[in-house]
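Participant: Before I ask anything, let me first share the structure, which is written out below as structure tokens.
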Amino acid sequence: GINAEYGKQWYQRRVRGDLNMTPLHILLLSTLVTGSVCAELRILSSPDGDEHPAPCAVTCAGVGTQKWLDSGYHITRAYISVDLTDCGFTSQPIVIANVRAFNNFPNSHLRDVDQWGLTVYTDEGITAGMANTQGWKLSWVAIGHVC
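Here it is, written out as structure tokens:
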């Protein structure tokens, strides 16, 4: 079908080096392809430790478009927060986050994750001005329950 042909073309371009894929891009692509083949998402264990019915599991993803801010608590670190309320989670989701700067992947620390949002901090010595000037972007995927 269409997905198989697209996957074949993508793989051929990847092998030739035509694609600049990050690990998060690969995860997102595999999630999209898997989702089109198998519509059921199963979460085997969740942060709240509770069991939820399979139809309640959803994936929510995005790219942070907000500006990085200087932390008042962690001096010499910048942070960015993501609002997850539109995802509709009823408990803390499983989150994968990746910071992308021009041609590199700076270290980042995922903190303060709950059903309403998440915060990512940079390593020490990185200011918000540096991150914003260099165009740092936060890509994230959250997998959780909505019922």
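What the sequence shown shows, in my numbering, is residues 64 to 210, in sequence order. Idealized CB from N, CA, C, for every residue including glycine. Just so it is clear, the structure is predicted and the values come from calculations on it, not from any experiment.
#1: What does Lys-200 pair with, by DSSP beta-bridge criteria?
#2: Find out if the Cβ-Cβ distance for the pair Leu-104, Val-121 is shorter than 8 angstroms.
#3: Taking the beta strand (DSSP E) that Ala-117 belongs to, which residues open and close that run?
#4: Can the beta-carbon of Arg-140 be found closer than 8 angstroms to that of Thr-185?
#5: Could you tell me the alpha carbon to alpha carbon distance between Tyr-136 and Leu-201, rounded to whole angstroms?
#6: Might you give, ordered along the chain, the residues of its own chain that have their beta carbon closer than 6 angstroms to the beta carbon of Val-194, omitting 5 neighbours on each side?
#7: State buried or exposed for Ser-108, treating a residue as buried only when at least 16 other CB atoms are found within 10 Å of its CB.
#8: Rounded to whole angstroms, what is the Cα-Cα separation between Ile-159 and Trp-203?
Facilitator: In brief:
#1: Arg-163
#2: yes
#3: That residue, Ala-117, is in no beta strand (DSSP E); it is neither H nor E in DSSP.
#4: yes
#5: 20 angstroms
#6: The residue you asked about is not Val; residue 194 is Ala in the sequence shown. Only Trp-131 and Ala-141 meet the Cβ criterion.
#7: exposed
#8: 6 angstroms
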